[in-house]
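Asker: Here it is, the structure, as structure tokens.
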Amino acid sequence: MTSALLETSKLGKFFGRFAANEDIDFSVAPGELRAVIGPNGAGKTTFFNMLSGTTDATRGSIVFKGADITRVSGTQRVHLGIAKAFQTANLYPEQTVLQNCRLAALAHEQGTFALEVVRRSRRLLVIDEIAERAIEQLDLGNVADVRSGDLAHGDKKRLDIAIALATQPEILLLDEPVAGMSRDDARKTGALVRKLADTITVLIIEHDMDMIMGISDSITVLESGRVLATGTPAEIRANQQVQNAYLGGHSEAELEA
Amino acid sequence: MVALSQALLNGLVLGLIYVAIAVGLTIVFGTLRLVNFAHGAFYAIGAYVGLVVAQQAGLWWGFLAAPIAVALFAVVLDRVLLRPFYGKDATSQILVTFGIALIVEETLRLIFGSTTQQYPMPAALTTSVSLGAFVYPAYRLLFAGFVIVMLVLVWLFIERTDYGLIVRAGVRDRTMVQLLGGNIRQASTIVFALGAAIAGLVGAAASPIYSIAPGTGFAFLVPSFVVVVVGGLGSFWGAVLGGILIGELQSLTTLVFAPGANVIIYLCMALVLLLRPQGLLGESEVIRQ
Amino acid sequence: MTRARGDGGVRFAILSAAGIVLFPFLFHAINGYAGLATQILMVSIASIGFNLLLGYTGLLSYGHAMFYGGGGYVAALLLIHFMPDHPNLWLAVFGGTLAATALALVVGALAVRLYGIYFALLTLAFAQMIFFVVEQAEGITGGDDGIQSFPNALLPIGPYNIDLGTALPAFDLGPFGNLSDIKLWYVLTAVILYVVLIGMRALTRSQFGEVLTAIRENEERSSLIGFNASAYRLAAFAISGALTGLSGALRALYDGTISVESVGIDRSGSFVIYTIIGGVQTLLGPIAGTGIIMYLESVLSAHLGYWRLIEGLIFVAVIVFLPNGIVGTIRRNYLARVAKERAPSSRALLAESLRARPGGPTQSAGGAEAGPERLKND
């Protein structure tokens, strides 16, 4: 087994007696594009929130690059290389697209805190380059100077990804990145995400089966907070349990990616 | 022993005033998500209106007029000024209500002057009652009983009526309340006016005990925030529990180490905010990072 | 510092200097006296500090009087108990400021993890505790009456010990008074305020300031791109507390007395009022707000008993109708037009040059940056 970039062991999140996530053993190798799918309420977002540090795990552990990060704060995890894009685009609405990305790049460059009073032009260049690159990778070049609050929905979602990307992560968590997008937009974004996975590891939660089957290297299926199955798209499509739990409502035609 | 019993009773009386103010504060916060720094103004207006009416027509008319006048004022405030601020960020709310509190206090000062006033009390009520080993002012006991009755009524309102349902639901889930429909606006205004009226009524009723000055409202408001924090923002019983606790704490500390009486309640507030910010009975919402 | 100069910094520096120098004379022409002018400058230092916290970090503190009065009391006590024979202004003021900073670090460390109303209430709680302790510790602080008089502090520069009460040489300026109206106190305060103002400008435009703004605008996002929001807030709180302490120390030494009101809730409220009326998120707003209100207070309170009522009305009116404050509104409406015509900032030019690289994705439309915070200077 290749050395995993990120793995969890018996990871669980409990609210009182209710188990949002339970007993999750998960592992992803560097460079993989892993989709996490499952019916609503399966605990996908909770799982991502535990990975990103937004939510504390109740049980189990998370290991990243061989180090246990279960108790590490979300802010610290960004600097370790785990970045997350939000389900609902979480932006700086008053700032331009470029400025949004520059802030993320700045955070990456200077660490969690710095009392920087004097601007250093060399660092400015580095930051601008990082931000630029993130914008290019998400095809937002033509709206770089637009106030992010004024963007169209699809652009906002892509900007959210770009912001996460600008923190130079090793693993990127995308929570429903194409939700609410038009077919074309979704397809385009899917292709961009596929390209991202060439250089970094990407975990993606999605309901859009076309996109998932088309771009993923592998898929993990969650149901009722537990892992139901993990495998290649073909394996998952063929998996009877998964069919019943989740894909049952989709016609065979839809599944032909 | 005598001193202790008196201190305990004084603490209860003081605590009940805090409870009455805190209940209004807390249900308004729970339902409207409004932090109302002007709540003390309701108390003060109640006290003064009560005073003026009592001077003309007698004590009981004063007690009747006070909550009505304050409720009207609250409705006007709600309609004219505060509505856009509901649900907005806490800072804006604190600022505008703080401004209103300032205006009200200074208007009262303009009208009535800065000197403290005494409430005209019928002779019958100024007597003291024998409670075993010591005597205690009858009015204070009456006042305590009166506030308790009032709180029971408020509790019934919250638990048993439709408007109260919105109070209870609002504390838990604001969006849910909006989704449920119902005449939210009307309910909100009623809740706001109710909270104000309670404060106004207590303002009038407590004045014979604590006398009246333009700054009294704010002077009672700040400890009431302590109560609300200790009890838990949004919790009725939290306000009750917190109020009694703080009142007793203040009273007992006065007995033991007078200079520390005021310091200790703020120390309490700081400790609660740091160790259990949702208060004793509050919901654990997102309060800290 | 070269960056600050690039975006209007030189002009700002010159205009501010001119303003501070001319202020007492213009003030005289509207019946303000020089002593009040000095006090306005002193309190403005605190207001600027307060605004860093409220306007740029988005935190409303309801207890800043603990730094103001705290700084003042410590300075006064240092003079009385430690230097009665050689009252040294530097040491007293420095001591007061240091004490306020230490207090700010302690309170801040506890408070900055709390949100909105809880933050305001915690600062209020601490301020009230300090108020009552100061009130009760009569032996040290003089209780309600405070400390009535203390030695006149001298300012040692080189071999000289300067009495700041010394007036400038007489020179008649007609309706603008006389040069000798100005005491050296004013000169010292003016220099300190100027340094604070320029420093604040640099700070808010620096990367530190940028991150503060980002945290204020969207804290969740800021945490999840790797900024430690609490640490930034604490730094802002400490700086704010330090400036407020400095202001209080200066004021105490200038007045020669200090009372428990300086740590009271009304004093805390006053910073809120000055800053909101002047305009949060502006540099000159706090100074303007302080000046206007303190001036009106001095002029009107002599004639009108209900001066504070007017103050309250102005305050609420500004909140409701002029949410950017007086200076902020002026800046938005009139200077916004000028900013569009002005040349773009160097940062924008830099960004443009990067985009203009071969293979770059965009043509940038123009240099002017978006968003109200980014409007160039005052």
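Residue numbers (the numbering used here), protein chains in the order written: chain A, 9 to 265; chain B, 123 to 411; chain C, -8 to 369.
In this text, a Cβ means the ideal position worked out from N, Cα and C, and glycines have one as well.
#1: Can you confirm whether residue 200/B, when its beta carbon is compared against all beta carbons of chain C, has any partner nearer than 8 Å?
#2: Against residue 347/B, what residues of chain C qualify as contacts under a CB-to-CB distance less than 8 Å, listed in chain order?
#3: In the DSSP assignment, find the alpha helix (DSSP H) that holds residue 314/C and state where it starts and stops.
#4: Work out the CA separation of residue 39/A and residue 206/A for me, nearest whole Å.
#5: Just reading off the beta strand (DSSP E) that residue 29/A is part of, what are its end residues?
#6: Suppose the cutoff is 8 Å on Cβ atoms and the five residues either side in sequence are ignored; what does the same chain contact list for residue 104/C look like?
#7: How big is the Cα-Cα spacing for residue 183/C and residue 380/B?
#8: With DSSP as the reference, label residue 69/A as helix, strand or coil.
#9: Spatial neighbours of residue 268/C within its chain, please: C-beta separation below 7 Å, excluding the five flanking residues on both sides.
#10: Applying a beta-carbon distance threshold of less than 9 Å, which residues of chain C neighbour residue 389/B?
#11: With 8 Å set as the bound, which would you pick, yes or no: does the beta-carbon of residue 126/A sit closer than that to a beta-carbon of chain C?
#12: How close, in whole Å, do the beta carbons of residue 38/C and residue 266/C come, if the pair is a contact with beta carbons under 8 Å?
#13: According to DSSP, what are the bridge partners of residue 234/A?
#14: Which chain B residues sit within Cβ distance under 8 Å of residue 131/C?
#15: Can residue 210/A and residue 41/A be called in contact, C-beta distance under 8 Å?
#16: Is the region 121 to 134 of chain A in contact with the region 59 to 72 of chain A, if contact means three or more CB pairs nearer than 8 Å?
#17: Distance check for residue 314/B and residue 204/B, CA to CA, integer angstroms please.
#18: What separation, rounded to the nearest whole angstrom, lies between the Cα atoms of residue 216/B and residue 178/C?
#19: Using C-beta distances below 7 Å, list every residue in its chain close to residue 170/B, excluding the 5 sequence neighbours before and after it, in chain order.
#20: Kindly indicate which three-state DSSP category residue 63/A falls into: helix, strand or coil?
#21: I'd like to confirm the pairing. Which residues does DSSP put opposite residue 48/C in its beta bridges?
#22: Just the chain B side, please: which residues come within less than 7 Å of residue 127/C by C-beta, in chain order?
#23: Quick check: the Cα distance between residue 267/A and residue 200/A, rounded to an integer number of angstroms?
#24: Could I get the ranges of all uninterrupted alpha helix (DSSP H) runs contained in the region 236 to 322 of chain C, with 4 residues as the minimum, in chain order?
#25: Distance, Cα to Cα, residue 105/A vs residue 140/A?
#26: Out of 277/C, 242/C, 260/C, which one is the CA nearest neighbour of residue 87/C?
#27: Listing by chain order, which chain C residues have their CB less than 7 Å from the CB of residue 121/A?
#28: Check distances from the C-beta atoms of the region 83 to 100 of chain A to those of chain C and list, in chain order, the residues that come in under 9 Å.
#29: Would a check of beta-carbon distances place residue 211/C closer than 8 Å to chain A?
#30: Against residue 171/A, what residues of chain C qualify as contacts under a CB-to-CB distance less than 8 Å, listed in chain order?
#31: I'd like to know whether the C-beta atoms of residue 213/C and residue 56/C end up nearer to each other than 8 Å.
#32: What are the residues in the region 101 to 115 of chain A lying within 7 Å of chain C by C-beta distance?
#33: Counting beta carbon pairs with one atom in the region 40 to 50 of chain C and one in the region 184 to 203 of chain C, are three or more of them shorter than 8 Å?
#34: So who's on the other strand from residue 169/C, going by DSSP bridges?
#35: What are the uninterrupted segments assigned as alpha helix (DSSP H) that are 4 or more residues long and contained completely in the region 126 to 163 of chain C, given in chain order?
#36: Comparing the C-beta of residue 193/C with each C-beta of chain A, is any distance below 8 Å?
Answerer: To lay it out plainly:
#1: The sequence position of residue 200/B within the second sequence is 78, counting from 1. Judged by the 8 Å Cβ criterion, residue 200/B is not in contact with chain C.
#2: Translated into positions along the second sequence, residue 347/B becomes position 225. Here the neighbours are 112, 115.
#3: The residue you call residue 314/C lines up with position 323 of the third sequence. No alpha helix (DSSP H) holds residue 314/C; DSSP gives it neither H nor E.
#4: Working through the first sequence from its first residue, we reach residue 206/A at position 198. Working through the first sequence from its first residue, we reach residue 39/A at position 31. Looking at the two C-alpha atoms, the distance is approximately 6 Å.
#5: Position 21 of the first sequence, counted from the first residue, corresponds to residue 29/A. Where residue 29/A is concerned, the enclosing beta strand (DSSP E) stretches over 26 to 36.
#6: Within the third sequence, residue 104/C is the residue found at index 113, counting from 1. Around residue 104/C: 221.
#7: On the third sequence, residue 183/C is found 192 positions in, with the first residue counted as 1. On the second sequence, residue 380/B is found 258 positions in, with the first residue counted as 1. Rounded to whole angstroms, residue 183/C to residue 380/B spans 42 Å at the Cα level.
#8: As a first step, residue 69/A must be located in the first sequence, where it is residue number 61. Strand, per DSSP.
#9: Taking the first residue of the third sequence as 1, we reach residue 268/C at position 277. If we look at residue 268/C and ignore the five residues flanking it on each side, its Cβ neighbours are 280, 283, 284, 305, 306, 309, 316, 317.
#10: Residue numbering aside, residue 389/B sits at position 267 when the second sequence is read from its first letter. Those within 9 Å of residue 389/B in chain C are 116, 120.
#11: Here residue 126/A is taken as the residue at index 118 of the first sequence, counted from 1. True, the Cβ-Cβ gap to chain C drops below 8 Å.
#12: What you label residue 38/C is simply residue 47 of the third sequence in a count that begins at 1. What you label residue 266/C is simply residue 275 of the third sequence in a count that begins at 1. That belief holds up - the Cβ atoms of residue 38/C and residue 266/C are roughly 5 Å apart, short of 8 Å.
#13: Within the first sequence, residue 234/A is the residue found at index 226, counting from 1. Answer is 231/A, bridged to residue 234/A.
#14: By 1-based counting over the third sequence, the position of residue 131/C is 140. Simply none; closest approach about 13 Å.
#15: Position 202 of the first sequence, counted from the first residue, corresponds to residue 210/A. Position 33 of the first sequence, counted from the first residue, corresponds to residue 41/A. Yes, the pair counts as a contact, with Cβ atoms nearer than the cut-off.
#16: no
#17: Stepping through the second sequence from its first residue, residue 204/B is reached at position 82. Stepping through the second sequence from its first residue, residue 314/B is reached at position 192. Rounded to the nearest angstrom, the two C-alpha atoms are 11 Å apart.
#18: Sequence index remark: in the second sequence, residue 216/B carries index 94 (1-based). Sequence index remark: in the third sequence, residue 178/C carries index 187 (1-based). In a straight line, the C-alpha of residue 216/B is about 37 Å away from that of residue 178/C.
#19: Here residue 170/B corresponds to residue number 48 of the second sequence, with the count starting at 1. These residues qualify, in order along the chain: 230, 234, 334.
#20: Position 55 of the first sequence, counting from 1, holds the residue named residue 63/A. Coil, per DSSP.
#21: For the purposes of this step, residue 48/C is identified with residue 57 of the third sequence, where counting begins at 1. Residue 48/C pairs with nothing; no bridge assigned.
#22: For this step, residue 127/C is matched to residue 136 along the third sequence. Neighbours of residue 127/C on chain B, chain order: 381.
#23: It is not possible to answer for residue 267/A, since the shown part of chain A is limited to 9 through 265.
#24: 256 to 269, 276 to 291, 298 to 312, 316 to 321
#25: Here residue 105/A corresponds to residue number 97 of the first sequence, with the count starting at 1. Here residue 140/A corresponds to residue number 132 of the first sequence, with the count starting at 1. Their Cα atoms are separated by approximately 10 Å.
#26: As a first step, residue 87/C is located in the third sequence; it is residue number 96 there, counting from the start. Selected option, being the one with the closest Cα: 242/C.
#27: Here the question's residue 121/A lines up with position 113 in the first sequence. Per Cβ cutoff of 7 Å: 219, 222, 223.
#28: 83, 84, 85, 86, 87, 91, 92, 94, 98, 99, 100
#29: Mapped onto the third sequence, residue 211/C falls at position 220. Yes, because at least one Cβ of chain A sits closer than 8 Å to the Cβ of residue 211/C.
#30: Against the first sequence, residue 171/A aligns to sequence position 163. Result: 212, 216.
#31: Locating residue 213/C in the third sequence gives position 222, where the first residue counts as 1. Locating residue 56/C in the third sequence gives position 65, where the first residue counts as 1. Not a contact, by the Cβ cut-off of 8 Å.
#32: 102, 103, 104, 106, 111, 112, 114, 115
#33: yes
#34: Position 178 of the third sequence holds residue 169/C. Answer is 163/C, bridged to residue 169/C.
#35: 129 to 132
#36: Counting from 1 along the third sequence, the entry for residue 193/C is found at position 202. Judged by the 8 Å Cβ criterion, residue 193/C is in contact with chain A.
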